[in-house]
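Working notes, structure below.
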């Protein structure tokens with residue numbers, strides 16, 4: 506009877522603990538949701554990008570793996586108009602001699618300014634873009650003489666710009682679905698030296714318009730960071746990547762799990778691509794990830810912050826080409 510009584514007490518305590526944990530989780534979700542609504546309110550009121558970025562940090566919590574270093578570029582800022590924008594020099598301690606000039610927008614943020622297919626990269630640089638840039642630079646030789654396209658790169662397209670500077674690729678297209686992002690990318694292109702590589706910026710929105718025929722089956726490699734979490738856009742993104750790639754071409758995608766949205770895209774992509782996924786793709790990133798987990802940090806959430814790498818290989822056999830417009834399908 507004593508054992509039965511203890512078992513009952515333990516079960517009751519477990520139920521109380523579960524209810525408490527569930528309550529805390531719900532409270533945290535409510536707090537995060539409130540912060541997101543506050544960010545939206547800031548946008549509608551015309552808050553500055555600095556104010557909005559501060560709010561974004563409070564929601565996303567973990568900011569960076571520290572793979573890239575930034576400092577104000579005084580020379581470029583002296584040429585800048587008084588619109589609040591700032592130029593930064595990006596470098597990497599693991600890549601001696603590497604440097605690129607990146608322009609971050611300032612001034613008021615409006616709903617119209619953020620209007621586009623994917624705006625996650627339009628306010629700040631997210632860990633997936635940082636990690637993708639670092640990974641590409643660690644494998645820079647793989648991209649020599651290639652045609653490359655970065656999709657959904659936001660205001661900076663760090664990986665595409667970095668490859669333009671260092672890879673000796675033939676041509677690189679950096680793109681986003683936001684017009685102001687593309688304008689900013691064009692200014693970044695003007696201020697950097699790409700050597701033998703030609704670099705251009707384009708407005709590309711998957712699922713929105715019929716693909717320009719000059720882009721169809723053109724690219725050896727497509728790169729993309731953290732663009733998988735919109736349920737409605739997942740299939741259109743897979744179709745656009747398929748149409749952009751040459752037969753045998755490859756896409757490199759970096760994104761966190763985000764409540765299995767990464768895995769949902771992988772399952773969808775398996776219908777048309779050879780798909781592989783990997784978590785331990787780089788020792789530096791993996792060790793830093795494990796360190797954050799071991800510290801039980803309250804700012805680091807593996808599901809939101811750790812980018813998994815996905816490789817999509819387009820079959821070499823001829824396959825019927827498809828438009829990216831709903832009407833054409």
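In the working numbering, the protein residues as written are 506 to 834. All C-beta atoms in this analysis are idealised placements derived from N, C-alpha and C, irrespective of residue type, glycine included.
- If you draw a straight line from the Cα of residue 801 to the Cα of residue 721, it is about 46 Å long.
- Every unbroken stretch of the alpha helix (DSSP H) spanning 4 or more residues and falling wholly within the stretch 747 to 803 is given here in chain order: 766 to 774, 788 to 799.
- With contacts defined as CB atoms closer than 8 Å, residue 711 and residue 745 qualify as a contacting pair.
- Boundaries of the beta strand (DSSP E) around residue 595: 591 to 596.
- Shown here for residue 699: same chain residues with a beta carbon closer than 7 Å to its own, the five before and five after excluded, namely 669, 670 in chain order.
- Below 8 Å, enough C-beta pairs join the stretch 756 to 767 and the stretch 815 to 823 to call them touching: three or more.
- Residue environment analysis places residue 667 among the buried positions, since at least 16 neighbouring C-beta atoms fall within 10 angstroms of its C-beta.
- In the displayed model, residue 692 falls within a helix according to three-state DSSP.
- In the structure shown, residue 579 falls within a helical segment according to DSSP collapsed to helix, strand and coil.
- The continuous stretches of beta strand (DSSP E) do not include residue 643, which lies in the alpha helix (DSSP H) extending over residues 632 to 643.
- One Cα belongs to residue 777, the other to residue 747, and the distance between them is close to 8 Å.
- Residue 676 holds the alpha-carbon nearest to the alpha-carbon of residue 651 among 765, 676, 644.
- The stretch 725 to 745 makes no contact with the stretch 692 to 707: fewer than 3 CB pairs, one atom from each, lie closer than 8 Å.
- A residue is called buried once 16 or more other Cβ atoms fall within 10 Å of its Cβ, and residue 791, having fewer, is exposed.
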